[in-house]
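In this note's numbering, each residue carries its 1-based index in the sequence shown increased by 83. Using N, Cα and C, we set each Cβ at its ideal position, and we do this for glycine too. What follows is a set of notes on a single structure, which appears directly below.
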Amino acid sequence: MARIPKSKMSHLSYEELVHDGNTSSVDGWDFSWFEGRATEERPSWGYAKAMSNRMGKASAGLDLQTGGGEVLNTVEKFPPLMAATESWPPNLALASKRLGARGIVVIADRDQPPLPFANEVFDLVVSRHPIAVCWDQIYRVLRPGGTYFAQHVGHRSGFEVSEFFIGPQPDNMIRSPDTARAEAQAAGLEVVQLKFERTKMEFFDVGAVIHYLRKIIWLVPDFSVEKYADKLKGMHEYIQTHGSFVAYSSRFLIEARKPLA
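As structure tokens, then:
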């Protein structure tokens with residue numbers, strides 16, 4: 084017997100779920116919208132807390148690609164010098180409002196080199212789920228002995244969702260932890276910590292899937308409700324039958340240090 088869907092929106096019709104997922108705001112990296120509609124396990128290392136502890140001991144910190152500033156805003160004590168970057172205008176506005184209230188400068192940056200900072204300014208550079216990582220630039224702005232501490236999205240993250248809509252995808256190892264280690268070392272950094280985990284995601288209604296694909300745009304780059312109407316109907320029927328759609332995210336924690344000499 085099929086499970087009863089867990090979604091708090093299960094009383095809505097298919098058309099209402101599609102409309103809700105397609106019209107809700109996807110600005111920022113606040114995922115509270117998914118409460119009661121989708122879940123994702125968190126990696127065991129607890130990035131936000133670990134990052135906050137490091138910030139409390141730093142003298143100059145930088146958060147790259149801060150999104151709406153949601154994660155950085157969880158830091159309890161900021162260093163005397165603190166800055167953040169963001170490229171997407173809606174996120175930039177959110178971050179500027181949220182972090183500006185705490186005295187943090189948020190700088191518009193295109194996520195392309197060079198970073199808009201002088202050499203050897205920061206003793207701690209952090210990032211959560213960066214789209215692109217410019218290791219040479221991270222090395223340049225770090226002080227000798229400084230640290231890059233970040234949580235990255237790994238290879239084949241959420242591919243079960245991608246492949247439902249667009250078929251089998253190549254195993255892109257560009258985002259693998261081994262690739263990150265090699266690139267960090269090539270830039271002159273010493274990798275002192277590297278952890279990898281795959282964690283379970285579960286979607287309980289098709290509206291949550293739509294919202295997710297609109298937010299994580301690289302999973303199905305040409306996604307639209309109109310173009311994938313048949314697939315969405317199939318997804319809805321699958322969830323109605325099985326109670327949820329399960330996928331797996333991949334995350335890795337990397338800590339790299341700039342040598343003193």
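| Check | Outcome |
| --- | --- |
| Counting along the chain, where does the beta strand (DSSP E) carrying valine 109 start and finish? | Premise fails: valine 109 is in no beta strand (DSSP E) and is neither H nor E. |
| If you draw a straight line from the alpha carbon of glycine 317 to that of leucine 207, how long is it in whole angstroms? | 46 Å |
| Closest by CA to phenylalanine 232, which one among Tyr97, Gly144 and Glu153? | Gly144 |
| Considering only their Cβ atoms, is the gap separating leucine 277 from arginine 258 smaller than 8 Å? | no |
| Is the number of C-beta pairs between the stretch 146-158 and the stretch 88-108 that are closer than 8 Å three or more? | no |
| Helix, strand or coil: how does DSSP classify phenylalanine 160 here? | With the sequence shown as reference, residue 160 is identified as lysine, and phenylalanine is not the correct amino acid for it. It is coil, neither helix nor strand. |
| Whose C-alpha, out of Thr282, Ala291, Pro253 and Ala267, is nearest the C-alpha of arginine 125? | Thr282 |
| Do phenylalanine 31 and lysine 298 have their C-beta atoms within less than 8 Å of each other? | The displayed coordinates of the chain run from 84 to 344. Any statement about residue 31 would go beyond what the structure contains. |
| What's the C-alpha gap between serine 142 and glutamate 320? | 54 Å |
| Going by alpha carbons, who is nearest to arginine 334 out of Val189, Glu280 and Phe161? | Glu280 |
| Exposed or buried, threonine 106, counting other C-beta atoms within 10 Å across all chains shown (16 or more means buried)? | exposed |
| Taking three-plus beta-carbon pairs below 8 Å as touching, is the stretch 217-227 in contact with the stretch 238-253? | no |
| For serine 210, which residues does DSSP report across the bridge? | Ala233 |
| Taking alanine 291 as the reference, which of Asp194, Glu118 and Asp219 has the closest Cα? | Glu118 |
| Which residue comes first and which comes last in the alpha helix (DSSP H) that contains isoleucine 322? | 312-325 |
| Could you give the uninterrupted runs of the beta strand (DSSP E) lying entirely in the stretch 170-211, keeping only those of 3 residues or more? | 188-191 and 205-211 |
| Since I believe alanine 191 is in contact with glutamate 169 (beta carbons under 8 Å), could you give me their beta-carbon distance rounded to a whole number of angstroms? | 7 Å |
| Ends of the beta strand (DSSP E) at valine 275? | 273-286 |
| Apply the 10 Å Cβ neighbour rule to asparagine 136 and answer buried if 16 or more other Cβ atoms are within range, or exposed otherwise. | exposed |
| Return the bridge partner residues of aspartate 261 from the DSSP annotation. | Note: aspartate 261 sits in no beta bridge, so no partner. |
| In whole angstroms, give me the CA-to-CA distance for glutamate 273 and isoleucine 187. | 29 Å |
| In angstroms with no decimal places, state the Cα-to-Cα distance between aspartate 219 and alanine 270. | 5 Å |
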